[in-house]
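Residue numbers (my numbering): 12 to 229. First the structure, in the form of structure tokens, and then the observations on it.
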């Protein structure tokens, strides 16, 4: 298995396939391509993009969130301005390769067009975030009733590994091979069949309790 995956979903899917092969004996720990453990990243720096995402929690104050959004556009980090310049550079790189000799064949122009459109959208995003910064600072510090939250969909994909599992540095004494073997044992079909059935002695939670959630609007 490769060490890195573009999303947590692909990493989990690859791990499940690997464990199934181990359970059926089609792959051994001594194979030519041993499993490489993907360690969690260290706690991100506060002004890195993962660090800024980690700072925007539900309990953060309006001033803190407004400060993070302002940092995205500001001189301290300039995440969006740098991304905008990167897209502009790619568009300019394509520009010097334009050719309009053939009446109906302009592949470079077909590439320049979406890059130029993306550049314009990023400029618009910067302007929208400047307006949103003032609005964030004016939001109430207290969270509202959850019934109001269901009206609007959640936008985050939560695909970052450290966002899903928690950002922490791996222990110095961690044994990757032991981790691999433990994961293979606990997630194999045999281990699942041997797990005791969950207890049914606890009372079911009534539908009217706070833990009941209304379906989210889509």
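Every residue gets a Cβ at the ideal spot worked out from N, C-alpha and C, and that includes glycine.
Where residue i falls, given that 16 or more other Cβ within 10 Å makes a residue buried
| i | result |
| --- | --- |
| residue 40 | Here the model assigns residue 40 a pLDDT of 49, short of 50, so the residue's position is not dependable, and the following value carries that caveat. Residue 40 should be labelled exposed. |
| residue 83 | buried |
| residue 152 | exposed |
| residue 116 | exposed |
| residue 28 | exposed |
| residue 164 | exposed |
| residue 77 | buried |
| residue 113 | exposed |
| residue 181 | Caution is warranted here: a pLDDT of 48 is assigned to residue 181, below 50, making its placement in the model unreliable, and the coordinate value is therefore given only provisionally. So residue 181 ends up on the exposed side. |
Contact under 8 Å by Cβ, residue i with residue j
| i | j | result |
| --- | --- | --- |
| residue 80 | residue 143 | yes |
| residue 148 | residue 73 | yes |
| residue 88 | residue 133 | no |
| residue 102 | residue 123 | yes |
| residue 71 | residue 62 | no |
| residue 154 | residue 69 | yes |
Alpha helix (DSSP H) segment containing residue i, residue limits
| i | result |
| --- | --- |
| residue 158 | 157-160 |
| residue 106 | 90-106 |
| residue 165 | First-last for residue 165: undefined, no H or E at that position. |
| residue 67 | Taken as a continuous stretch (DSSP letters only), residue 67 belongs to no alpha helix (DSSP H), as it is neither H nor E. |
| residue 56 | Unbroken run through residue 56: none, as it is neither H nor E. |
| residue 133 | 118-148 |
CA nearest to the CA of residue i, picked from the options
| i | options | result |
| --- | --- | --- |
| residue 107 | 120, 151, 97 and 139 | 120 |
| residue 137 | 26, 85 and 25 | 85 |
| residue 75 | 158, 150 and 159 | 150 |
| residue 129 | 112, 66, 94 and 22 | 94 |
| residue 96 | 131, 24, 161 and 160 | 131 |
| residue 141 | 26, 58 and 92 | 92 |
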